[in-house]
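The opening position of the sequence shown corresponds to residue 1132 in the working numbering, with each subsequent residue numbered one higher. Idealized CB from N, CA, C, for every residue including glycine. All figures in this text were calculated on a predicted structure; none of them were measured in a lab. Please read the structure below before turning to the comments.
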Amino acid sequence: MQTTHGPIKLYVNSTGTRCAAITLHVECGAFGDCEYYYYLEIFDISNLAIEPPRVGPPVFLLQTKTDLFGGGEGEVNSSVAISDDAGLALVGSEGDRPVRLISTADGSSIREFHPPSGSGTDNIGAGAVAFAEQDKSVLIGWREGYAEMHRRLAPVRIEVLVSRLAGGKSVEKVVINNGTLYVKTGEVLASETLAQYKNGSELNVTSITSLQSTNPSVAQIQGRKIAIPANAPLGGQANVSFSYNDLGTVLETTVKLVVGENQVSRGDTNGDFTLDYLDLIEFSRWWMQNENKSNAGCDKVDDSKIDARDLHYLIKAWLDK
(Lines of atoms letter the chains of each structure in order from A and count residues from 1; the text may use other names and numbers.)
(Lines give C-alpha, C1' and ligand atoms only; values in the text may rest on other atoms or scores of the structure.)
Protein backbone atom coordinates (compact mmCIF):
# COMPACT_ATOMS: atom_id res chain seq x y z
CA MET A 1 0.00 0.00 0.00
CA GLN A 2 1.36 3.40 -0.95
CA THR A 3 0.42 5.86 1.81
CA THR A 4 0.54 9.62 1.40
CA HIS A 5 2.35 10.12 4.70
CA GLY A 6 4.53 7.87 6.86
CA PRO A 7 2.47 5.16 8.64
CA ILE A 8 2.88 4.77 12.39
CA LYS A 9 0.02 2.35 13.16
CA LEU A 10 -2.03 -0.14 11.13
CA TYR A 11 -5.49 -1.59 11.81
CA VAL A 12 -7.63 -4.16 9.94
CA ASN A 13 -11.40 -4.58 10.29
CA SER A 14 -12.82 -7.91 11.47
CA THR A 15 -13.77 -9.07 7.96
CA GLY A 16 -10.27 -8.44 6.61
CA THR A 17 -11.50 -6.19 3.80
CA ARG A 18 -10.19 -2.80 4.96
CA CYS A 19 -6.87 -1.64 6.36
CA ALA A 20 -6.59 1.68 8.17
CA ALA A 21 -3.30 3.45 8.69
CA ILE A 22 -2.61 6.34 11.02
CA THR A 23 0.00 8.37 9.18
CA LEU A 24 2.18 11.23 10.34
CA HIS A 25 3.62 14.24 8.54
CA VAL A 26 6.19 16.34 10.42
CA GLU A 27 7.26 19.88 9.54
CA CYS A 28 10.16 21.43 11.47
CA GLY A 29 11.30 25.03 11.42
CA ALA A 30 14.80 26.45 11.39
CA PHE A 31 14.78 26.97 15.17
CA GLY A 32 13.86 23.41 16.16
CA ASP A 33 10.11 23.92 16.48
CA CYS A 34 8.08 21.11 14.87
CA GLU A 35 4.45 20.54 13.92
CA TYR A 36 2.95 17.04 13.75
CA TYR A 37 -0.02 16.32 11.44
CA TYR A 38 -1.91 13.05 11.89
CA TYR A 39 -4.07 11.51 9.15
CA LEU A 40 -6.25 8.44 8.67
CA GLU A 41 -5.78 6.57 5.39
CA ILE A 42 -8.00 3.59 4.48
CA PHE A 43 -7.29 0.92 1.86
CA ASP A 44 -9.34 -1.86 0.26
CA ILE A 45 -7.52 -5.14 0.92
CA SER A 46 -10.31 -7.49 -0.19
CA ASN A 47 -8.22 -8.55 -3.22
CA LEU A 48 -4.54 -8.90 -2.37
CA ALA A 49 -3.72 -9.94 -5.94
CA ILE A 50 -3.71 -6.24 -6.86
CA GLU A 51 -2.25 -3.11 -5.31
CA PRO A 52 -4.76 -2.18 -2.55
CA PRO A 53 -6.63 0.93 -3.72
CA ARG A 54 -7.24 3.84 -1.39
CA VAL A 55 -10.80 4.33 -0.07
CA GLY A 56 -11.22 8.10 -0.20
CA PRO A 57 -8.60 10.78 0.47
CA PRO A 58 -6.55 11.01 3.69
CA VAL A 59 -8.68 12.24 6.62
CA PHE A 60 -7.05 14.85 8.88
CA LEU A 61 -7.23 13.80 12.56
CA LEU A 62 -5.25 16.23 14.71
CA GLN A 63 -2.23 18.50 14.95
CA THR A 64 0.35 18.88 17.73
CA LYS A 65 3.59 20.80 18.01
CA THR A 66 6.77 21.32 20.02
CA ASP A 67 8.74 24.53 20.43
CA LEU A 68 12.50 25.04 20.50
CA PHE A 69 12.51 24.62 24.29
CA GLY A 70 10.89 21.18 24.13
CA GLY A 71 7.47 22.41 25.19
CA GLY A 72 4.26 21.14 23.63
CA GLU A 73 2.88 17.66 23.09
CA GLY A 74 4.96 16.35 20.21
CA GLU A 75 3.90 12.88 19.08
CA VAL A 76 0.78 11.40 20.70
CA ASN A 77 -0.63 7.88 20.86
CA SER A 78 -3.86 7.21 18.98
CA SER A 79 -6.25 4.30 18.59
CA VAL A 80 -8.57 3.61 15.65
CA ALA A 81 -11.40 1.16 14.92
CA ILE A 82 -12.99 0.69 11.48
CA SER A 83 -16.53 -0.59 10.94
CA ASP A 84 -16.84 -3.72 8.81
CA ASP A 85 -18.40 -1.79 5.92
CA ALA A 86 -15.56 0.78 6.22
CA GLY A 87 -18.10 3.59 6.34
CA LEU A 88 -17.19 4.67 9.88
CA ALA A 89 -14.01 5.19 11.85
CA LEU A 90 -13.74 5.64 15.61
CA VAL A 91 -10.64 7.63 16.53
CA GLY A 92 -9.28 8.29 20.02
CA SER A 93 -6.06 9.96 21.16
CA GLU A 94 -4.31 10.75 24.41
CA GLY A 95 -4.61 14.24 25.87
CA ASP A 96 -7.56 16.56 26.32
CA ARG A 97 -9.39 15.42 23.18
CA PRO A 98 -12.76 13.79 22.48
CA VAL A 99 -13.15 10.47 20.69
CA ARG A 100 -14.54 11.17 17.22
CA LEU A 101 -16.88 9.02 15.13
CA ILE A 102 -15.92 9.89 11.55
CA SER A 103 -17.55 9.29 8.18
CA THR A 104 -14.85 7.89 5.92
CA ALA A 105 -16.75 9.21 2.89
CA ASP A 106 -15.84 12.84 3.51
CA GLY A 107 -13.95 12.95 6.81
CA SER A 108 -16.78 14.72 8.63
CA SER A 109 -17.33 14.16 12.35
CA ILE A 110 -20.65 12.48 13.10
CA ARG A 111 -20.33 12.64 16.87
CA GLU A 112 -17.79 13.45 19.57
CA PHE A 113 -17.58 11.49 22.83
CA HIS A 114 -16.17 12.98 26.05
CA PRO A 115 -15.09 11.11 29.21
CA PRO A 116 -17.13 11.21 32.44
CA SER A 117 -14.92 14.04 33.73
CA GLY A 118 -15.71 16.10 30.64
CA SER A 119 -13.25 18.32 28.82
CA GLY A 120 -10.39 19.90 30.70
CA THR A 121 -7.24 18.94 32.56
CA ASP A 122 -8.84 15.80 34.01
CA ASN A 123 -9.28 14.36 30.51
CA ILE A 124 -6.14 12.44 29.61
CA GLY A 125 -7.66 10.91 26.50
CA ALA A 126 -8.76 7.53 25.19
CA GLY A 127 -6.68 4.39 25.58
CA ALA A 128 -8.68 2.09 23.31
CA VAL A 129 -11.69 2.18 20.98
CA ALA A 130 -13.63 -0.58 19.20
CA PHE A 131 -16.82 -1.51 17.36
CA ALA A 132 -18.90 -4.36 18.82
CA GLU A 133 -22.07 -6.39 18.12
CA GLN A 134 -21.53 -6.36 14.34
CA ASP A 135 -20.93 -2.60 14.42
CA LYS A 136 -24.15 -1.91 16.34
CA SER A 137 -22.21 -0.48 19.28
CA VAL A 138 -19.00 1.43 19.94
CA LEU A 139 -16.72 0.87 22.94
CA ILE A 140 -14.40 3.47 24.44
CA GLY A 141 -11.80 2.96 27.15
CA TRP A 142 -10.76 6.20 28.85
CA ARG A 143 -7.28 6.53 30.35
CA GLU A 144 -8.73 8.09 33.50
CA GLY A 145 -10.24 4.70 34.40
CA TYR A 146 -13.61 4.24 32.69
CA ALA A 147 -15.02 2.15 29.85
CA GLU A 148 -18.35 2.85 28.17
CA MET A 149 -20.61 1.57 25.39
CA HIS A 150 -22.80 3.54 22.98
CA ARG A 151 -25.38 1.92 20.69
CA ARG A 152 -25.84 3.09 17.11
CA LEU A 153 -29.15 4.16 15.60
CA ALA A 154 -30.27 2.57 12.34
CA PRO A 155 -31.15 4.92 9.44
CA VAL A 156 -34.73 5.03 8.19
CA ARG A 157 -34.14 6.04 4.56
CA ILE A 158 -31.56 7.32 2.10
CA GLU A 159 -31.60 10.49 0.02
CA VAL A 160 -29.81 10.81 -3.31
CA LEU A 161 -28.47 14.08 -4.70
CA VAL A 162 -27.09 14.46 -8.21
CA SER A 163 -24.67 17.20 -9.24
CA ARG A 164 -24.88 18.32 -12.85
CA LEU A 165 -24.06 21.28 -15.05
CA ALA A 166 -26.84 23.87 -15.13
CA GLY A 167 -26.91 25.78 -18.41
CA GLY A 168 -23.40 24.54 -19.15
CA LYS A 169 -21.90 27.03 -16.68
CA SER A 170 -22.74 26.39 -13.03
CA VAL A 171 -23.16 23.20 -11.00
CA GLU A 172 -26.47 22.43 -9.34
CA LYS A 173 -27.55 19.63 -7.01
CA VAL A 174 -30.88 17.91 -7.60
CA VAL A 175 -32.66 15.57 -5.16
CA ILE A 176 -33.99 12.69 -7.22
CA ASN A 177 -35.36 10.10 -4.79
CA ASN A 178 -37.65 7.71 -6.71
CA GLY A 179 -38.13 10.38 -9.38
CA THR A 180 -37.33 11.02 -13.03
CA LEU A 181 -34.34 12.96 -14.31
CA TYR A 182 -33.96 14.07 -17.93
CA VAL A 183 -30.36 13.84 -19.13
CA LYS A 184 -28.27 14.82 -22.15
CA THR A 185 -26.04 12.55 -24.21
CA GLY A 186 -22.41 12.73 -23.12
CA GLU A 187 -23.38 14.08 -19.71
CA VAL A 188 -21.71 12.80 -16.52
CA LEU A 189 -23.64 13.02 -13.25
CA ALA A 190 -22.01 12.83 -9.82
CA SER A 191 -24.15 11.23 -7.10
CA GLU A 192 -24.14 11.71 -3.35
CA THR A 193 -26.05 9.44 -0.94
CA LEU A 194 -27.11 10.53 2.55
CA ALA A 195 -28.56 8.22 5.20
CA GLN A 196 -31.38 9.87 7.16
CA TYR A 197 -32.12 9.07 10.84
CA LYS A 198 -35.22 9.46 13.03
CA ASN A 199 -33.55 12.12 15.16
CA GLY A 200 -33.01 14.31 12.09
CA SER A 201 -29.29 13.65 11.68
CA GLU A 202 -27.73 12.41 8.45
CA LEU A 203 -24.60 10.54 7.38
CA ASN A 204 -22.79 10.69 4.05
CA VAL A 205 -22.65 7.06 2.86
CA THR A 206 -21.64 7.74 -0.74
CA SER A 207 -18.47 5.64 -0.57
CA ILE A 208 -20.33 2.49 0.52
CA THR A 209 -23.50 2.84 -1.59
CA SER A 210 -23.94 0.38 -4.45
CA LEU A 211 -25.22 1.71 -7.81
CA GLN A 212 -26.73 -0.44 -10.57
CA SER A 213 -28.15 0.46 -13.98
CA THR A 214 -30.79 -1.54 -15.85
CA ASN A 215 -29.67 -0.17 -19.24
CA PRO A 216 -25.94 0.51 -19.78
CA SER A 217 -26.65 1.92 -23.25
CA VAL A 218 -28.35 4.84 -21.47
CA ALA A 219 -26.61 5.00 -18.07
CA GLN A 220 -23.20 3.57 -17.23
CA ILE A 221 -22.03 3.34 -13.60
CA GLN A 222 -18.53 4.64 -12.89
CA GLY A 223 -18.11 4.47 -9.12
CA ARG A 224 -20.39 7.18 -7.72
CA LYS A 225 -20.74 8.78 -11.17
CA ILE A 226 -23.32 8.05 -13.86
CA ALA A 227 -22.14 8.53 -17.46
CA ILE A 228 -24.62 9.01 -20.30
CA PRO A 229 -23.04 7.64 -23.51
CA ALA A 230 -22.66 10.06 -26.41
CA ASN A 231 -24.64 7.66 -28.62
CA ALA A 232 -27.47 7.07 -26.11
CA PRO A 233 -30.79 6.95 -28.02
CA LEU A 234 -33.15 9.89 -27.67
CA GLY A 235 -35.99 8.83 -25.39
CA GLY A 236 -33.94 5.94 -24.00
CA GLN A 237 -34.57 5.09 -20.36
CA ALA A 238 -32.66 3.44 -17.53
CA ASN A 239 -33.46 2.81 -13.89
CA VAL A 240 -30.50 3.43 -11.58
CA SER A 241 -30.81 1.91 -8.11
CA PHE A 242 -28.92 3.19 -5.06
CA SER A 243 -28.53 0.56 -2.33
CA TYR A 244 -27.05 1.01 1.16
CA ASN A 245 -26.65 -1.87 3.62
CA ASP A 246 -26.52 -0.74 7.24
CA LEU A 247 -26.12 -3.48 9.84
CA GLY A 248 -28.11 -5.91 7.69
CA THR A 249 -30.87 -3.42 6.85
CA VAL A 250 -30.89 -2.60 3.13
CA LEU A 251 -32.18 0.84 2.14
CA GLU A 252 -32.79 1.51 -1.54
CA THR A 253 -34.10 4.18 -3.87
CA THR A 254 -34.43 4.12 -7.66
CA VAL A 255 -34.16 6.94 -10.17
CA LYS A 256 -35.40 6.85 -13.75
CA LEU A 257 -33.13 8.54 -16.28
CA VAL A 258 -34.59 9.63 -19.62
CA VAL A 259 -32.46 10.87 -22.52
CA GLY A 260 -33.94 14.12 -23.83
CA GLU A 261 -35.79 17.10 -22.45
CA ASN A 262 -38.92 17.32 -20.37
CA GLN A 263 -41.61 18.86 -22.58
CA VAL A 264 -42.62 21.25 -19.82
CA SER A 265 -39.09 22.43 -19.06
CA ARG A 266 -38.42 22.98 -22.77
CA GLY A 267 -40.87 25.86 -22.97
CA ASP A 268 -40.75 27.03 -19.35
CA THR A 269 -38.84 30.33 -19.05
CA ASN A 270 -39.90 31.51 -15.58
CA GLY A 271 -39.42 28.27 -13.64
CA ASP A 272 -43.04 27.70 -12.58
CA PHE A 273 -43.23 24.30 -14.36
CA THR A 274 -46.20 25.36 -16.49
CA LEU A 275 -46.47 26.58 -20.09
CA ASP A 276 -48.59 29.72 -20.43
CA TYR A 277 -48.51 33.41 -21.46
CA LEU A 278 -46.26 34.23 -18.49
CA ASP A 279 -43.40 32.42 -20.22
CA LEU A 280 -43.71 34.75 -23.23
CA ILE A 281 -43.78 37.82 -20.95
CA GLU A 282 -40.67 36.59 -19.14
CA PHE A 283 -38.89 35.97 -22.44
CA SER A 284 -39.74 39.43 -23.78
CA ARG A 285 -38.22 41.07 -20.68
CA TRP A 286 -34.78 39.76 -21.61
CA TRP A 287 -34.95 40.04 -25.40
CA MET A 288 -31.50 40.64 -27.00
CA GLN A 289 -29.69 40.61 -23.66
CA ASN A 290 -26.80 38.44 -22.52
CA GLU A 291 -27.54 35.48 -20.29
CA ASN A 292 -27.13 35.85 -16.52
CA LYS A 293 -28.40 34.09 -13.40
CA SER A 294 -31.74 35.90 -13.58
CA ASN A 295 -32.61 34.96 -17.17
CA ALA A 296 -30.87 31.60 -17.69
CA GLY A 297 -34.24 29.95 -18.35
CA CYS A 298 -34.69 32.08 -21.47
CA ASP A 299 -31.41 31.08 -23.13
CA LYS A 300 -32.69 27.79 -24.51
CA VAL A 301 -29.95 27.17 -27.08
CA ASP A 302 -27.24 27.95 -24.51
CA ASP A 303 -25.24 30.47 -26.52
CA SER A 304 -25.11 33.11 -23.74
CA LYS A 305 -27.52 35.42 -25.58
CA ILE A 306 -31.30 35.66 -25.73
CA ASP A 307 -32.25 36.18 -29.36
CA ALA A 308 -34.20 34.82 -32.32
CA ARG A 309 -32.67 31.35 -32.01
CA ASP A 310 -34.16 31.01 -28.54
CA LEU A 311 -37.52 32.34 -29.79
CA HIS A 312 -37.65 29.72 -32.56
CA TYR A 313 -36.86 27.02 -29.99
CA LEU A 314 -39.62 28.20 -27.66
CA ILE A 315 -42.22 28.50 -30.42
CA LYS A 316 -41.60 24.87 -31.36
CA ALA A 317 -41.82 23.80 -27.70
CA TRP A 318 -45.09 25.68 -27.22
CA LEU A 319 -46.58 24.24 -30.43
CA ASP A 320 -45.53 20.70 -29.47
CA LYS A 321 -47.47 21.10 -26.26
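The criterion of a C-beta distance shorter than 9 Å is not satisfied by valine 1381 and isoleucine 1357. The DSSP assignment places complete beta strand (DSSP E) segments of no fewer than 3 residues inside the stretch 1206 to 1255 at 1209 to 1213, 1219 to 1224, 1230 to 1234 and 1240 to 1244, in order along the chain. In the structure shown, the three-state DSSP call for glutamate 1413 is helix. Distance from the Cα of glycine 1160 is smallest, within the candidate group Leu1232, Ile1352, Ala1285 and Leu1199, for Leu1199.
For the options Tyr1168, Glu1166 and Ile1176, the alpha carbon positioned closest to that of tyrosine 1142 is the one of Ile1176.
Taking C-beta atoms under 8 Å as the contact rule, phenylalanine 1262 and alanine 1212 qualify, at a distance of about 5 Å. Only residues of its own chain outside the window of five on either side were considered, and among them Arg1440, Asp1441 and Tyr1444 have a CB closer than 7 Å to the CB of valine 1432, listed in chain order. Residue pairing by DSSP puts isoleucine 1352 in a beta bridge opposite Ile1357.
Among the bridge pairs identified by DSSP, glycine 1272 is matched with Ala1259 and Ala1278.
Contact check for glutamate 1413 against threonine 1400 passes: the beta carbons are separated by less than 9 Å. At least 9 Å separates the beta-carbon of serine 1322 from that of aspartate 1215. For threonine 1134, there is no enclosing beta strand (DSSP E), as DSSP gives it neither H nor E.
Our two residues, glycine 1187 and serine 1338, have alpha carbons roughly 8 Å apart in a direct line. DSSP, reduced to helix, strand and coil, places alanine 1439 within a helical segment of the structure shown.
Using a Cβ distance threshold of 9 Å, glycine 1238 and valine 1190 count as a contacting pair. Pairing serine 1435 with phenylalanine 1373, the inter-Cα distance amounts to about 35 Å. In the DSSP secondary-structure assignment, serine 1322 is bridged to Val1293. Rounded to the nearest whole angstrom, the CA to CA distance from glutamine 1420 to isoleucine 1437 is 6 Å. Between the alpha carbons of glutamate 1290 and asparagine 1309 lies a distance of about 9 Å. By the Cβ neighbour-count rule, aspartate 1253 is exposed, with fewer than 16 other Cβ atoms within 10 Å of its own. When C-alpha distances from leucine 1193 are compared across Pro1183, Asp1164 and Val1157, the shortest belongs to Val1157.
If you check the CB distance, tyrosine 1167 and threonine 1154 do not come in under 9 Å. In summary, glycine 1428 is buried, with 16 or more beta-carbon neighbours lying within 10 Å of its beta-carbon over all protein chains present.
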